[in-house]
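Visitor: For this note's numbering, add 10 to where a residue sits in the sequence shown, where the first one is 1.
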Amino acid sequence: MIPVRGFTLSSHNETVEKKVLNPSRKTLILCCTTFIALDAGALLSKAMAQTVSVHTTHHTRAAPTTTHAATQPKAKGASSTVATTATPSGVQASGKAEVLTVHARGISSATGVTNTTPGGGLMAVQTAARSQSGMTRDYIAKQSPAVSPGVMLSAMPGVVGGASDPYGGSTHDGLTVRGLTQGEIGFVMQGIPLGDPVNPNIFSADMVDNENLSSVTLTQGSSDISAPFYSAVGGQVKMDTVNPSSRFGGLVDLSYGNNNMRREFLRLDSGELGHTGIRAFVSYSNNRYDQWRGPGNVDRNHIDFKAVKEWGNDNSITANFGWNHQTAQALRYPTMAQYEQYGNNYNWDRSYTPGDTSYHKFHTTQRVDTLGSLQLHLNLHHGLTLNVTPYYISDAGMYNGGENLHATGSYLGSQALGTLDLPYATNGTTTAMSFDHEFESTGGITTQLSWKKGNNTLSVGDWYAYLQHSELESFTAANYQGGVSNSFGNDPIRVNGQILTGYNINFKQQTNALFINDRYAALHGKLILEAGFREVMISRTATNDIPGENMQDQSGGPYLNGGNYAEPLPQFSATYFISPHDQIYINGTTSFRAPGSEEIYVDLWDPNGGGVPTMQRQKNPKSEFAIGEEIGYRHKGFVNFSLAAFNYNLVHHQVNSSNYIGTELVTQPIDMGGETIRGFQAEFALRPWHHFSPYVAFQYLHTTIDSNFKEGNVYLPTAGKTMVMSPTESGSAGVNYDNGHFFGNLFVSWAGRQYSTFMNDQSLPAYAVGNITAGYRFGNFSYLHHPQIQINVTNFANAHYLSGVYGYTANAHAVNVGGTTVNGSAPTYFVGATPAVICSVTTGF
11 MIPVRGFTLS SHNETVEKKV LNPSRKTLIL CCTTFIALDA GALLSKAMAQ TVSVHTTHHT
71 RAAPTTTHAA TQPKAKGASS TVATTATPSG VQASGKAEVL TVHARGISSA TGVTNTTPGG
131 GLMAVQTAAR SQSGMTRDYI AKQSPAVSPG VMLSAMPGVV GGASDPYGGS THDGLTVRGL
191 TQGEIGFVMQ GIPLGDPVNP NIFSADMVDN ENLSSVTLTQ GSSDISAPFY SAVGGQVKMD
251 TVNPSSRFGG LVDLSYGNNN MRREFLRLDS GELGHTGIRA FVSYSNNRYD QWRGPGNVDR
311 NHIDFKAVKE WGNDNSITAN FGWNHQTAQA LRYPTMAQYE QYGNNYNWDR SYTPGDTSYH
371 KFHTTQRVDT LGSLQLHLNL HHGLTLNVTP YYISDAGMYN GGENLHATGS YLGSQALGTL
431 DLPYATNGTT TAMSFDHEFE STGGITTQLS WKKGNNTLSV GDWYAYLQHS ELESFTAANY
491 QGGVSNSFGN DPIRVNGQIL TGYNINFKQQ TNALFINDRY AALHGKLILE AGFREVMISR
551 TATNDIPGEN MQDQSGGPYL NGGNYAEPLP QFSATYFISP HDQIYINGTT SFRAPGSEEI
611 YVDLWDPNGG GVPTMQRQKN PKSEFAIGEE IGYRHKGFVN FSLAAFNYNL VHHQVNSSNY
671 IGTELVTQPI DMGGETIRGF QAEFALRPWH HFSPYVAFQY LHTTIDSNFK EGNVYLPTAG
731 KTMVMSPTES GSAGVNYDNG HFFGNLFVSW AGRQYSTFMN DQSLPAYAVG NITAGYRFGN
791 FSYLHHPQIQ INVTNFANAH YLSGVYGYTA NAHAVNVGGT TVNGSAPTYF VGATPAVICS
851 VTTGF
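#1: Hey, quick one: how far does the beta strand (DSSP E) through MET443 stretch, first residue to last?
#2: In angstroms with no decimal places, state the Cα-to-Cα distance between SER90 and ASP324.
#3: Check whether the Cβ atoms of SER404 and THR380 lie closer than 8 Å to each other.
#4: Give the single residue among LEU264, ILE637, ILE594, GLY178 whose Cα lies nearest to the Cα of THR137.
#5: Hey, how far is the Cα of PRO254 from the Cα of ARG697?
#6: With a threshold of 16 other CB atoms inside 10 Å of the CB of LYS371, please say whether the residue is buried or exposed.
#7: Buried or exposed: where does TRP302 fall if 16 or more other Cβ atoms within 10 Å of its Cβ makes it buried?
#8: Compute the Euclidean distance between the alpha carbons of LEU386 and THR191, then round it to the nearest angstrom.
#9: If we ignore side chains and look at the alpha-carbon of each, how far apart do PRO400 and GLY453 end up?
#10: What beta strand (DSSP E) runs, 3 residues minimum, are completely inside the segment 821-855?
#11: Taking only three categories from DSSP, how would you classify PRO159?
#12: Could you say if the segment 687-703 and the segment 644-660 meet the contact criterion of at least three C-beta pairs nearer than 8 Å?
#13: Decide if TYR352 is buried, meaning its Cβ has at least 16 other Cβ atoms within 10 Å, or exposed.
#14: Under 8 Å, do GLY423 and GLU320 count as touching if we go by C-beta distance?
#15: Got a sec, what are the start and stop residues for the alpha helix (DSSP H) GLN153 sits in?
#16: Quick check: the Cα distance between VAL198 and MET249, rounded to an integer number of angstroms?
#17: Report the option in ASN330, ASN354, ALA329 whose CA atom is closest to the CA atom of LEU341.
#18: Quick one: what does DSSP say HIS65 is sitting in, helix, strand or coil?
#19: So THR783 and ASN805 are supposed to be a Cβ contact under 8 Å. How far apart are they, rounded?
#20: In angstroms with no decimal places, state the Cα-to-Cα distance between GLY493 and ARG273.
#21: Around the Cβ of HIS810, are there at least 16 other Cβ atoms within 10 angstroms (buried) or fewer (exposed)?
#22: Consult DSSP for PHE602 and reduce its assignment to one of helix, strand or coil.
#23: Please list, in chain order, all residues of the same chain as THR864 whose beta carbon is under 8 Å from its beta carbon, the five residues on each side excluded.
#24: Under three-state DSSP, which class holds HIS751?
#25: At what residues does the beta strand (DSSP E) containing ALA541 begin and finish?
#26: Mind reading off the beta-carbon distance from GLN759 to VAL779? Whole number of angstroms is fine, and I expect it under 8 Å.
#27: Can you name, in chain order, every residue of its own chain whose Cβ lies under 8 Å from the Cβ of TYR793, other than the five neighbours on each side?
#28: Taking the C-alpha atoms as reference points, what is the distance between SER174 and THR375?
#29: Measuring CB atoms only, is the segment 228-244 touching the segment 598-605, in the sense that at least three cross pairs come out at less than 8 Å?
#30: Flag this pair as touching only if the segment 388-396 and the segment 455-464 have three or more C-beta atom pairs under 8 Å; answer yes or no.
#31: Which residues in the same chain as ASP616 place their Cβ atom closer than 6 Å to its Cβ, once the five residues preceding and following it in sequence are excluded?
#32: Which value, in whole angstroms, describes the spacing of the CA atoms of GLY750 and SER141?
#33: Enumerate in chain order the residues of its own chain whose CB-to-CB distance from VAL218 is below 7 Å, with the five nearest sequence positions on each side excluded.
#34: So SER469 and ASN527 are in contact, right, with Cβ under 8 Å, and what is the actual spacing, rounded?
#35: Apart from the five residues on each side of it in sequence, which residues of its chain come closer than 6 Å, Cβ to Cβ, to VAL169?
#36: Looking at C-alpha atoms only, which residue of GLY683, LEU432, LEU415, PHE449 is the closest neighbour of GLU634?
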C-alpha cells in the first residue's frame, strides 16, 4: 500500500483514511453545534421571560411587484431553508434573504420579460452568504424555446458545458461546476429533486417547458440544508415555475427551424376560480426534429400543470405536476481519433447488413417521466411556520443497442446454454436488438418547522425518500433487413422459458436526513450569522436474479448486496452588509455523495462473456466527502458585480465515466482518492442603460489530484496532475438590448483546455461558442397580448468543437511504471452542436 498525502490507497477504487480532513471536520461540527446550542438557549430564555401577542410575532412579507403571470413570485408554499430575518436599511427582502424583490418600472410582454434584471436577466440580486447566481425571464424567454435549462447555465460563472444537441433533446451535455460533474450537482424544482438519486443523470430538459420556467438559481459549491438530495458536492440548481395568472388567458408559441424542427406550445390560465382563491394553469408542447448529426429523429411531448391556493395570513398550498414522453435516436460519442477522422459525421450506420450491431435503428431511447408535488406553507402564529412538501417522481425508460448472438458458446450468467436455435442466423450468428428496460420511482417528503423570535430564527426538519429501481436486459432477433418483431422489447429471446439477459437488477434505497439550522441577525440586520447541522443516512440493497450471481460473501444471504452510509454535515456562514449596496460573506460547508451507481453492487454479465462477469461489482465502495470554504463580496446598484474565492478538499472523489462495452454504454463511478480545488470567480453586469445591459462572468480554477491511481496492479503517478474536465480559465460575456419593441442579445461562452485522462496525456481543445437572439414585440391587438417574433441562432460562428468528455480513462497512451507497461485506452467525447436557426411566433391572450 502507498500512502499519499495522508491517504492510504489499497485497491482500485478505495481510499481508506480521511486523516487530512478529520481535524477540520471535527472543529466545524463542534463550532456549529455550539452556536446552535447557545442561540437555542438564548431564544428559549427570551421566550420564557416575555409574552408577545400574535400580532407582534406575525412575519410580514414585502409585497412583490407583479406584471404578468410569468413574472409573479413563486407560491409561498414553496419550501425554504429559513424564514425571513431582519435586513439592513435600504434592503427589501421577499421571502428569505437570498432573493430580493427589486421595484423597478419595466416593459410589458407576453413572455414575462420586464427588462429590469441586470445583465439582461443573468444577474438577479442575491444576498445569501455564499456564491450564488440567478437568471430570470429577462434571459430565459430570449433563449431558444427548445434549449434545456442545463445548457442555459453555461452563461453563469463557474459553469462549463456546451450543447451536444441544439434542440434540447440530449440529457447529457457534460455540465461541470467548478470542475465537478453534473452528478455532483443537485437539481430541484418546486420541491422535487430532478436528478437521478443514484446515477449521475440530470434530465432537466424533460421536467419543464421553458415558457413555464420563472427563474433558475445556481449555488456554486453548496446547497440548502433542507434540500431533498444528498449528492450536491458541486452545488445546487433551483428552478422555479411561473405562477398561474389571476386572470383567464394563456400563451401560444410556435417555433420552426432547420433539421425539420417544429415545436408547438400552448398554456391556458384559469384565472381565479369563482371566489375560491384557486388559480391554475395547464400547458402542452410537442417538439420534433431530425437528429442534427446522423440518421433518426427526436419526438418530445410534454405537459405541465400548477395550481395555487392562498388564504388567511401567509398560508398557501401549491400543486405541481409534470409529464414527459420522448423517443430519440441516440447519438454516438467518438474518440479523439474518430472525431479527427470523421468529424461530425461519426455516428450510427444508416443502412443494415447482417452482423452490423451499429445499425442506427438499434440505438434508440424512450423515456416517460412523471413528477408531482404538494407544497404546503402554514403560518402557525407566534412566529411559527410549517413547510411540508411531499413529492413523487418516476422514470420508465428503454436504452437500446445491438449485439451478435451465437448458436454455440452462449451463456445465461454462468450457465452454459448449449446449442441455441435462433432465427435469422448467418453462419451461426444472429444479430439482435438489445433492450435495457429500466423503471425507477421515488417518493419523498420534506418537513420543516421554523420559529422566529426577535432577531433569531430556529428551523428543524427532516427529509425522507424511498426509491425503487428495476433494470432488465433482453434481446429480440433482427430479421435480414434489420427489423425486429417488437420495438418495445416485448418479444424477447427465451431459453428454456427464461429471458436471455445479462442482468436482472432490483435496487432499493431509503434516505433519511435530519437537519437543524439557526440564523441570527445583529446590528439592525447588517450582520447575519447562520449555522446548521444535517445528518444524512442511506440504506441500499441490490439483487441480480441471474445464474452465477452469488453475493453471500458480502451480506450473508443469496443474491443480496448493498451498503449503508451516514455522514454528519455541518454548515456555517456569516455575512455583513457594509451598506445597502455592499456585502461581504464567508462560509464553511460540508457535503457528501454516496457511490453513484446501482450497478456497482452487482456483477454485469453478457451472453458472449464466456460465463464470467464482463464487469464485476465493487467491493466496499466509499462515499465522497468534501469540505469547502468561501469568501466573497457583492455590490448592487446600477453597476453590479460579485467576487468570490473558494477552496475545497475532497476524499474518495467520484468521477462517473461512461464507455462502450461492445456497442453498449455502461456508466461506472471511479474513485479518484483525494482532490484539491481552488480558484476565484467574478461576475459583472449593468442595469439597462439606454436599453443595453452588458454581462461578463469569469472563473480561474486550479485543481490537483492528490492520490496516485491504481490501474491493474500498479499505481499510475497521477498525484499532482490536473483533474479531468477542469479548465483553468472559463467564462462568458454578452450584451442585451430591449426597448420594449426591438430586442436582442449576443452571448459568447468559452472554456480552456480540459484533460480527459487522469495522466493528462489527452485533452479536448479550448473552444468558444456564441448565440444570437433578435426579435420584435408588438403592442396589444384585439385579443392578442403583445405578440412577438423571435429568431435564435445558436453557434452562429459554426464552431466545430468537442464540448465535453463522455468517458474518461486513466491514460490514453502506454505508460511504464516500474518496468510494468500500462496500455492506454481512448476517452470518448461529446460533439458540440452545429448552428441551429429557430424562428418563434409568440402571443399571449
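Virtual Cβ for every residue (Gly too), placed ideally from N, Cα, C. From a predicted model like this one, the values you see are computed outputs, not experimental measurements.
Guide: Per the coordinate set shown:
#1: Where MET443 is concerned, the enclosing beta strand (DSSP E) stretches over 439-463.
#2: Residue placement at SER90 cannot be trusted, given a pLDDT of 37 that sits under 50; the coordinates are not used to answer.
#3: yes
#4: ILE594
#5: 28 Å
#6: buried
#7: buried
#8: 33 Å
#9: 8 Å
#10: 825-827, 830-832, 838-841, 846-854
#11: helix
#12: yes
#13: exposed
#14: no
#15: For GLN153, there is no enclosing alpha helix (DSSP H), as DSSP marks it with neither H nor E.
#16: 6 Å
#17: Closest option to LEU341, Cα to Cα, is ASN354.
#18: With a pLDDT of 37 at HIS65, under the threshold of 50, the modelled position of that residue is not reliable, and the figure given next carries that caveat. In the structure shown, HIS65 sits in a helix (DSSP, three-state: H, G or I).
#19: In fact, because the Cβ distance is near 13 Å, the residues do not count as touching under 8 Å.
#20: 29 Å
#21: exposed
#22: strand
#23: This structure cannot settle anything about residue 864, because the visible part of the chain is limited to 11 through 855.
#24: coil
#25: Counting along the chain, ALA541 sits inside the beta strand (DSSP E) bounded by residues 537-554.
#26: Rather than Gln, the amino acid found at residue 759 in this sequence is Ser. 6 Å between Cβ atoms; contact.
#27: PHE855
#28: Cα to Cα, the separation comes out at about 16 Å.
#29: yes
#30: yes
#31: Excluding residues within five positions, the ones whose Cβ falls inside 6 Å are GLY512, THR624.
#32: 32 Å
#33: Once the five neighbours on either side are set aside, the close Cβ partners of VAL218 are MET199, MET249, THR251, ASP314, GLY332.
#34: 4 Å
#35: For VAL169, same chain residues with a beta-carbon under 6 Å away, outside a window of 5 residues either side, are LEU163, VAL187 in chain order.
#36: GLY683
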